[in-house]
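Chains as they are written, first to last, in my numbering: chain A, 1 to 205; chain Z, 206 to 410.
Built from N, CA and C at the ideal position, the CB exists for glycine as well.
Notes follow the structure.
Number of protein chains: 2
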Amino acid sequence: MPAQTIIMSASPAPVTAAPHAATGETLFWEGDAAERLYRIESGIVRGVRYTEEGERNIVGFYFAGDMIGVPVAGAYRFTAEAVTDVTYTAVLLDRLADDVRSGGAARLFETVQTELGADELHSQLLCRHGALQRMCAFISGLYRRLGGATIEAIAQVDMADYLALTPETVCRSLKKMRDSGVIAMPRHNRIDVVDPGALAAMSFQ
Amino acid sequence: MPAQTIIMSASPAPVTAAPHAATGETLFWEGDAAERLYRIESGIVRGVRYTEEGERNIVGFYFAGDMIGVPVAGAYRFTAEAVTDVTYTAVLLDRLADDVRSGGAARLFETVQTELGADELHSQLLCRHGALQRMCAFISGLYRRLGGATIEAIAQVDMADYLALTPETVCRSLKKMRDSGVIAMPRHNRIDVVDPGALAAMSFQ
DNA sequence: CGTTACGTTGACTACGATCAAGCCGTGTGG
DNA sequence: CCACACGGCTTGATCGTAGTCAACGTAACG
Numbered sequence: 001m002p003a004q005t006i007i008m009s010a011s012p013a014p015v016t017a018a019p020h021a022a023t024g025e026t027l028f029w030e031g032d033a034a035e036r037l038y039r040i041e042s043g044i045v046r047g048v049r050y051t052e053e054g055e056r057n058i059v060g061f062y063f064a065g066d067m068i069g070v071p072v073a074g075a076y077r078f079t080a081e082a083v084t085d086v087t088y089t090a091v092l093l094d095r096l097a098d099d100v101r102s103g104g105a106a107r108l109f110e111t112v113q114t115e116l117g118a119d120e121l122h123s124q125l126l127c128r129h130g131a132l133q134r135m136c137a138f139i140s141g142l143y144r145r146l147g148g149a150t151i152e153a154i155a156q157v158d159m160a161d162y163l164a165l166t167p168e169t170v171c172r173s174l175k176k177m178r179d180s181g182v183i184a185m186p187r188h189n190r191i192d193v194v195d196p197g198a199l200a201a202m203s204f205q
Numbered sequence: 206m207p208a209q210t211i212i213m214s215a216s217p218a219p220v221t222a223a224p225h226a227a228t229g230e231t232l233f234w235e236g237d238a239a240e241r242l243y244r245i246e247s248g249i250v251r252g253v254r255y256t257e258e259g260e261r262n263i264v265g266f267y268f269a270g271d272m273i274g275v276p277v278a279g280a281y282r283f284t285a286e287a288v289t290d291v292t293y294t295a296v297l298l299d300r301l302a303d304d305v306r307s308g309g310a311a312r313l314f315e316t317v318q319t320e321l322g323a324d325e326l327h328s329q330l331l332c333r334h335g336a337l338q339r340m341c342a343f344i345s346g347l348y349r350r351l352g353g354a355t356i357e358a359i360a361q362v363d364m365a366d367y368l369a370l371t372p373e374t375v376c377r378s379l380k381k382m383r384d385s386g387v388i389a390m391p392r393h394n395r396i397d398v399v400d401p402g403a404l405a406a407m408s409f410q
């Protein structure tokens, strides 16, 4: 069950602690009626969808500053699960409409940038032929997005489900990247980007 | 150069002929400042993007009723090219903001449904392993979207660039589908869906 | 009528999925 | 505290499939 905490209507003075979701918890479920958007304040969230055949797909990873939960036909497009401990702010849809009213055309699309951008990125990654290039492009993208050399907490299984690869292939690709010296892995779930330039170069075959 | 015709501000009485783009013409360019959205009235449009390495990617096909041209950071996300002759309506962004003002939360996301849905579909297709399944899912999706048994005018090269396959593989997959009797191809650029059920079934391996 | 782009077919190859086995780290119960 | 089990990671061997290269056929257009 997702955490149901939301920012209540009118209590501006003392900002209570931001709502929180522990590792593995679900923020919202695919298909549920969307009442609010979630703005991630800290931590990592993964967007999950299950195919008719029962395969798990990851549609995106989301980070601090991202706004997720945009509905299609009133329902959430994917299930949002906390990869790490996550703090977030919930924004009621009605409240959002007010914002747009005052913000005008420019603000109109701000709220959907995250999901539009995430989907776009996902397609671009999947278009790359070659497991190694896909992995390099993925890690390179994370490196830029997170603005730092260290990527932590994302399981290889999740990368596999995101990039439409098998866990074995992900593992082998990471090994190649280690052997090439573009990354280091002090622990299994931690990737240090050593040579960002070479990493980016390897994204384009 | 794209057709620059737009619906002018206040002339409600006699509806002039809808703006028109001939086969191959460009409606808008990736990266251009987005001033208006395009609502397709008839025909087929493809969304195109070129990678840094010069490869052509097709990000989506759009049909009558679809609204395209949603900007990210003020710029169009892809180039829109007319696959067939196309008629469309241009909606100024300012006008759109007015609409949202009067329409409230529900209308807020209506304008982005097309692109959000298209990106989602694209990811789902690309996630399928197996060229035949990908092709079947693609054709099956077109069949449902177009609400008819006939799919015309989409080149195999375009399908290849959309599904991240080679033209050769697309051709061979279509041949298999012909041999299985799920589709017929009276001409090279026309596909008749003969057995929609079997087609859908083949989408899931 | 020639040119060009697209489609078709075949032979070969490379890459990633699959199957199988073992390893490691974490968490739980005796 | 250790034993054990579980999930995730790692490595190897094999196989199938889609990419590649090459050649030819066919439709569309000026």
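Please say whether residue j and residue i have beta carbons closer to each other than 9 Å?
i	j	result
H122 of chain A	G65 of chain A	no
A97 of chain A	V305 of chain Z	yes
L132 of chain A	M202 of chain A	yes
I68 of chain A	T26 of chain A	no
D158 of chain A	R77 of chain A	no
I359 of chain Z	V288 of chain Z	yes
Y267 of chain Z	P224 of chain Z	no
L368 of chain Z	L116 of chain A	no
Measuring straight from C-alpha to C-alpha, what distance separates residue i and residue j?
i	j	result
F28 of chain A	V72 of chain A	14 Å
A22 of chain A	V86 of chain A	6 Å
A285 of chain Z	G229 of chain Z	10 Å
R56 of chain A	V48 of chain A	7 Å
Y348 of chain Z	R300 of chain Z	34 Å
L297 of chain Z	G248 of chain Z	21 Å
R392 of chain Z	G259 of chain Z	31 Å
G148 of chain A	P196 of chain A	10 Å
E235 of chain Z	A280 of chain Z	7 Å
E325 of chain Z	A184 of chain A	33 Å
T111 of chain A	R145 of chain A	18 Å
G323 of chain Z	A365 of chain Z	For the sequence presented, residue 323 of chain Z should be read as Ala rather than Gly. For A323 of chain Z and A365 of chain Z, the distance between alpha carbons rounds to 17 Å.
G103 of chain A	E246 of chain Z	30 Å
Q209 of chain Z	A239 of chain Z	Because the pLDDT of Q209 of chain Z is 40, which lies under 50, any placement of that residue in the model is unreliable, and the number read from its coordinates should be weighed accordingly. Taking the straight line joining both Cα atoms gives about 13 Å.
D237 of chain Z	Q329 of chain Z	28 Å
L370 of chain Z	R383 of chain Z	19 Å
T169 of chain A	P372 of chain Z	26 Å
G141 of chain A	G386 of chain Z	43 Å
G130 of chain A	A311 of chain Z	42 Å
Using a Cβ-Cβ cut-off of 8 Å (strictly less than) and excluding sequence neighbours within five positions of residue i, which residues of its own chain qualify?
i	result
T150 of chain A	R190, I191, D192 and V193
T51 of chain A	N57
R241 of chain Z	I211, G274, A295, V296, L297 and L298
L379 of chain Z	M340, Q361, I388, M390 and I396
C376 of chain Z	Q361
K381 of chain Z	L337
Report the three-state DSSP secondary structure of residue i (helix, strand or coil).
i	result
F409 of chain Z	coil
E357 of chain Z	strand
I183 of chain A	strand
A22 of chain A	coil
R128 of chain A	coil
F28 of chain A	strand
E41 of chain A	strand
V264 of chain Z	strand
E240 of chain Z	coil
V112 of chain A	helix
T51 of chain A	coil
T79 of chain A	strand
L165 of chain A	coil
V305 of chain Z	helix
Excluding the 5 residues flanking residue i on each side, which residues of the same chain have their C-beta closer than 6 Å to its C-beta?
i	result
C341 of chain Z	L404, M407 and S408
Excluding sequence positions up to five away, which residues of its chain have a Cβ less than 7 Å from the Cβ of residue i?
i	result
R333 of chain Z	R339 and A342
L108 of chain A	V100
R244 of chain Z	M272, Y293, T294 and V296
E152 of chain A	N189 and R190
Is the beta carbon of residue i within less than 8 Å of some heavy atom of the ligand NAD?
i	result
F63 of chain A	For the ligand NAD, the structure offers nothing, since it holds no ligand at all.
message: Can you pull out the residues from the region 89-107 of chain A whose beta carbon lies closer than 7 Å to at least one beta carbon of chain Z?
response: Under the 7 Å Cβ criterion, the region 89-107 of chain A contributes L93, D94, L96, A97, V100, R101, G104 and A105.
field: Members of the region 53-78 of chain A that neighbour chain Z once the beta carbon cut-off is set at 7 Å
entry: E53, N57, V59, V70, P71, V72 and R77
- request: With 7 Å as the C-beta to C-beta threshold (strictly closer), list the residues of the region 360-387 of chain Z near chain A in chain order.
  value: A369
task: Below 8 Å between beta carbons is the criterion; list the residues of the region 318-332 of chain Z that meet it against any residue of chain A, in chain order.
output: Q318, E320, L321, G322, D324, E325, H327, S328, Q329, L331 and C332
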